[in-house]
Amino acid sequence: METEVLLAPITALEIVGDHLVAGEGPNIVIYTLEPDASQSARCCQQLLQNCNIHGIKQQQKPAPGAATLAVFGGKSLIIVELGHRNSCIHLTKPFPICELHDWIWDLQWLKGSTETSSCVALALGHNCVTLYDYIDQRILREVHCHEKCILYSAHLVGSSWDNLVLVAGTVFNQLVIWCAADPADDTGRIKPRSRISGHNGVIFSICYLESKSILASASDDRSLRLWGVGDLRAPPDHVPCLLVCYGHQSRVWSVRLLSDYIISIGEDSACLVWNYQGEIVHTFKGHKGRGLWAVAVDEARGWVFTGGADSGIRLWRLKRQHTNGSNLTQLNFPSAQRQGSPRAVKLVDVDHLLVMTDAGAVYAYDLTSKTWALVLEDTAYRSYSLLEISELSDGGILCAMGNLSGHVKIFPLSNPMQSKELKLFVGKVHCLSWASWPGQDPDTHSLFASGPAGVLLWLEASCCPLKGVTVVVKQCFLLPLCKHRWHTCITFLPQGKFLLCGDRRGSLMLFASKPALKLEKIPSGSSSDVFCLPGLDFPFGEEEPRAEAPVSLLFGLHGKLGVTSVACHDGFVYSTGRDSCYRQLRVQGQQLQVLRKQKPCKGLEWLEELRFGPNGGVFVLGFYAADFVLWSASSNEKLLCVPCGGGHRSWSYAHSLSTETFAYVKSGDVVVYRSRDAPAGQRILKESLHGRALTCVCHIGMLKSSRQELVSILATGSEDSVVNILTFGQQSRSVTHLTAIGDHISSVRALAVAESSTTQPETGTISAVLFSAGGRAQIECNRLQLRPSHDSISGTVCQLVHVASHRLDEQWDRMKNRHKLIKMDPETRYMSIAILEDTVDAELPGPLLFLAAACSDGSVRLFLLLERAQKLWLVAESFHHQHCVLKVQTFAFSVSGQGRRHFLSSAATDGRIAFWDITTTIGRVAEAVKAAGKEMTPLALEAPVLTISAHSCGVNSLHVQERTDGHFLVASGSDDGSISLCGIDVNAKNTTAQAAVSVDGIHVLRKFSRVCAHAAHVTGVHVLHPDFLLSVSVDQRLTLWRLCEDGLSYVDSKFCHVADVAALECWKCGEQSYYSIICGQGLQVVRCTV
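Going by the numbering used here, the first residue of the sequence shown is number 268, and it counts up by one from there.
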């Protein structure tokens, strides 16, 4: 068994020249830091055996050359040399691994005497210091402190044994300072020179900055403390506490002292940069989940590297401009020379803005020269007015204003006197929006105006220096009936045949754009330069005119607070709303189809707009409580945060390559945030996997990427409520993230894929239905469409289409208490799911896809997916087990002349496995669907046909493998570390009343178990053809067994570097080879040959 890929928490980081050396599990991974280099790792090599790397220390050499590194973790230490050959990085191990008798907390390279030229000093876990010869692999000296205790942290200072000082963080929340060369007392131990108290929790990290004579400590009590220790070799009797810093939301794991800054990382996944006054200067957040475990700093280049429990590595710019309230500037609009108070603000570009006042005046402001200028004044637009601007191809600006009496005024900013005013409505102009119609003249832009009774007018405005503004009314649309009946955003699809519109009710709609070829002038008294459709009577009143209705409508898609933006990008449609989500859609056959729903981050409830970067980046503009936020959905990072007071005000945002500007109206004035250094964000050296522990993994299929590499498609679920879709390249031995599903509101516990329609060899694509289930009794169903692509980093692209979802609480709400058996428990979780394949009914348009679920409330439930109707129905259930059901598996057998029989096996916390024949239930459901075609009352599953007692406690893993002629092998693993095997026969022809335990078609052929197969819970078992079994346990052992007549025979075992192993998945990759994936606190792919 050989490890192909390991994704584990990053536990150590060290900068070596132009490279970053990372410790990931037992592996060293080297990344180049050159600006134009690929983000992929340049070198990966396993150095330690059965422990993780916790420290990397470089030996300082006077001459350039190969770097010598000391790598340690647990009780192991190895010395390696990092060199370059022909632009390639290579690691050599001149000495074997050293094994110590105690945990290594810190290491210090020593220099000076001949005796210590091949030695390092080691701080060990029981408060002792060892002088270790790594060449001869022997301990030369070992001294112990008088303070007998276990250490939580240690920091060695000094370049020789004579001046070596250890600062130890003890289990008693103290810092103990002692020197290794001090004489021992009568007990053979060295007395401490100083003890420092003050923390209310254990100390996890210590750092000493000799230039400032300051000692820093990070603790379990969420604080950083700075101590005025002076010279460590002669500390004062009482060490004063200089500073106490609270800023982390959880435990603080590590601290680093720089000349100007203090760097800390914590369990809250935040990297904080402090000044020496205790103020937070920068906050770096982007990692997922439960914490950052490693940090490295290059102060000269202003780089901070962080590695987390999410297996990700990120580079932050230390001197990046920080955004806070001090960057806000009031423009002091109120003045005797300016009329009214600001009502609306619009940025023309990063240096200029327009302000509309409640007196009907429009003013321009130059942010460079800081001067105001009156553009236009019209008292008809006082009190209520709208202002929208659009940039023409020559750089000119067209402005549009709307008022309470239905007037719309259009004028060029360069010459406001050439304005054109139209009386469009009898009542209020609710909204104005500019859009660009594909194929129209560059100096012409489309303006959309909403009025009473849901009327939406399409105006085309053009500007000529000689003729002024020309307006053409192209088309009239009618919005669907609702309370707030006006549009909020609009855009044309790329071909220009359809118009996409969002309204104040939260609906999304599609109109056919059919501008009339024949136009006529607006009659009687209006300008000769305004044309409209024949038959339109202006102004429009409260009566609905004859107008175009939407060809497709998604009513209330974004809730009742409205759609805030619509956009087209890369062949898809995107919409945002105040429901904290943005949606990806596509247009098929003149109909809008929702593909997926995304929530950028927790707390960002008001999404205003999406912007797309050149490299596939997605940026979200929105409001987090009272702050305006620019959020990077790609890097999971807040790029900008301006405390403006919230989105219920007029605001505008603009940016260029080097400048960004945000302006808003507050308290009768205009406030502007401006930065000359646009946020550079972060560089991701290694993508994050999940924010919390992985709970399940599923193999979807295999295809060839655009690079002709055979890749496996994987899905992983986690406690962070996210499902990731990944590719595993068999030749490159790399895992690449494709996309994520974030529809769950609680942890994801189980995954299942419909295998009958996955790989399509003729097209080289995969189309599969993926189910995910977990907490809050929630099931999500998505169709995955995967194909090779030259534009993707992985050579593969994945398109998600959301099919259906189901939640039990919503089910019982719809049933209106007609379900009398039980009430919904909000803590119900789906522990396992399995799909019933090949359930075909000739009278139905497509195959029936059934899903079986094991539930924590003691039930086994059966669901039916109708993909075309996008419905997932609960159709049957049983509470036979009366205990939490942990696992469920399905299998089928074709009986000659009787069709296909479907079976279900379920296992619970009492150690019993039940077998159900659900063929009759499936038939009854199919008949009900054909008869009624609507959701039915759930049926009661018939009693199990067979129940066996397999274990003494909970069954954590279950796998059913078909053998021959109706014989199946059932393998299970339990909390007690045992593995049970049971052979069953489901062939009804061979069942006799004398031999069978059950007369209903299943009887036991043989049953045996392996007691204490593992030292902990067995969380995964998988039967491999023909006579082998793989098992994995929380004891971090992946074991291969041979199936014998009367039991299991041990073949091989491998230590897994994934803690808290939760699941095992296997698939065949050769004649006698299998890939197996272990997931838990990370992900490990192992190739097994049988």
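Positions of the beta carbon are idealized from the N, C-alpha and C atoms, including for glycine.
Treat the numbers as computed from the prediction; the structure is a model and nothing was measured.
Over the uninterrupted beta strand (DSSP E) stretch that includes residue i, give me the two end residues.
i, result
"LYS1197", "Segment 1186-1199 is the alpha helix (DSSP H) holding LYS1197; no beta strand (DSSP E) there."
"PRO1055", "1045-1055"
"VAL966", "Residue 966 is actually His in this sequence, not Val. From DSSP, the beta strand (DSSP E) with HIS966 extends over 961-971."
"ARG1016", "1015-1020"
"HIS351", "343-352"
"MET668", "664-670"
"CYS1336", "That residue, CYS1336, is in no beta strand (DSSP E); it is neither H nor E in DSSP."
"THR1204", "No beta strand (DSSP E) contains THR1204, which DSSP labels as neither H nor E."
"GLN597", "595-597"
"TYR920", "918-922"
"LYS324", "322-325"
"ILE295", "294-299"
"ARG878", "873-879"
"CYS355", "355-359"
Using the Cα positions of residue i and residue j, report the straight-line distance between them to the nearest angstrom.
i, j, result
"GLY592", "VAL909", "Its pLDDT being 48, under 50, GLY592 is placed unreliably by the model, and nothing is read from it."
"ALA448", "LEU377", "14 Å"
"TYR1396", "THR1032", "The structure shown does not extend to residue 1396, since the chain is modelled only from 268 to 1357, so the question has no answer here."
"ALA892", "LEU852", "28 Å"
"THR758", "LEU1051", "28 Å"
"SER343", "VAL1328", "23 Å"
"ALA1017", "SER1320", "26 Å"
"SER1014", "THR359", "43 Å"
"HIS589", "PHE879", "Bear in mind that a pLDDT of 46 at HIS589, under 50, signals an unreliable position, so the number given afterwards is only what the model happens to contain. Using only the alpha carbons, I get a separation of about 23 Å."
"VAL296", "ALA289", "5 Å"
"VAL1357", "CYS1323", "19 Å"
"ILE320", "ASP770", "55 Å"
"ASP633", "LEU598", "10 Å"
"ASN1257", "HIS825", "Low local confidence applies: a pLDDT of 42 at ASN1257 is under 50, so the model's placement there is unreliable, with the coordinate-based value given in what follows. Taking the straight line from one Cα to the other gives about 58 Å."
"LEU476", "GLY425", "12 Å"
"PRO747", "VAL833", "18 Å"
"VAL964", "VAL283", "36 Å"
"SER793", "ILE951", "Caution is warranted here: a pLDDT of 40 is assigned to SER793, below 50, making its placement in the model unreliable, and no coordinate value can be reported."
With distances taken Cα to Cα, identify the nearest neighbour of residue i among the options.
i, options, result
"GLY1240", "PHE1146, LEU746, LEU1296, THR1187", "LEU1296"
"ARG959", "CYS446, PRO1211, ASN991", "ASN991"
"ARG1074", "LEU859, LEU821, ALA1035, LYS1138", "LYS1138"
"ASP1076", "ILE1102, ARG1043, ALA337", "ARG1043"
"TRP541", "LEU525, GLY553, GLU534, GLY292", "LEU525"
"ARG405", "ASN1254, VAL387, ALA421", "VAL387"
"ALA921", "ILE320, LYS613, LEU442", "LYS613"
"HIS505", "ARG518, ALA982, ARG460", "ARG460"
"ALA421", "ILE402, LEU482, CYS1048", "LEU482"
"GLN1348", "GLY1268, LEU442, GLY292", "GLY292"
"THR1231", "SER1161, GLU875, PRO1211, SER902", "SER1161"
"ARG1304", "GLU1312, LEU1331, ASP1313", "LEU1331"
"HIS697", "THR711, LEU746, LEU671", "LEU671"
"LYS479", "TRP1140, LEU491, GLY495", "GLY495"
"HIS1011", "GLY392, ARG863, ASP708", "ARG863"
Indicate whether at least one CB of chain D lies closer than 7 Å to the CB of residue i.
i, result
"HIS554", "The structure shown has no chain D; it contains just one protein chain."
How about residue i: is its Cβ closer than 6 Å to a heavy atom in the ligand ATP?
i, result
"PHE895", "By its list of ligands, the structure shown contains no ligand whatsoever, and the ligand ATP lies outside what it can speak to."
Query - Contact the region 408-418 vs the region 344-364: 3+ CB pairs below 8 Å - result: Segments in contact, no.
Query raised in the report: Per the contact definition of three or more C-beta pairs closer than 8 Å, is the region 1149-1164 in contact with the region 1059-1069?
Result: no
Query raised in the report: If you scan the region 829-862 from start to end, which runs of the beta strand (DSSP E) of 3 or more residues do you find wholly inside it?
Result: 830-836, 839-844, 849-855
Query - Contact between the region 434-444 and the region 462-477 (3+ Cβ pairs under 8 Å) - result: As far as the Cβ criterion goes, the region 434-444 touches the region 462-477, which means the pair count is three or higher.
Query raised in the report: Is the region 875-888 close to the region 836-853, with three or more CB pairs under 8 Å?
Result: The region 875-888 is in contact with the region 836-853.
Query raised in the report: Does the region 713-731 touch the region 686-705, meaning 3 or more C-beta pairs lie closer than 8 Å?
Result: yes
**Report entry** Touch test, the region 575-586 against the region 599-617, Cβ-Cβ under 8 Å, three pairs minimum
**Finding:** no
Query - In chain order, each alpha helix (DSSP H) run of at least 4 residues that lies wholly inside the region 463-495 - result: Qualifying alpha helix (DSSP H) stretches: none in this window.
Report task. Taking only runs that begin and end inside the region 524-608, name each unbroken beta strand (DSSP E) of 3 or more residues, in chain order. Result -> 529-533, 537-541, 547-552, 559-565, 570-575, 580-584, 595-597
Report task. Inspect the CB distances between the region 678-688 and the region 700-709 and report whether three or more fall short of 8 Å. Result -> Too few Cβ pairs lie closer than 8 Å, so no.
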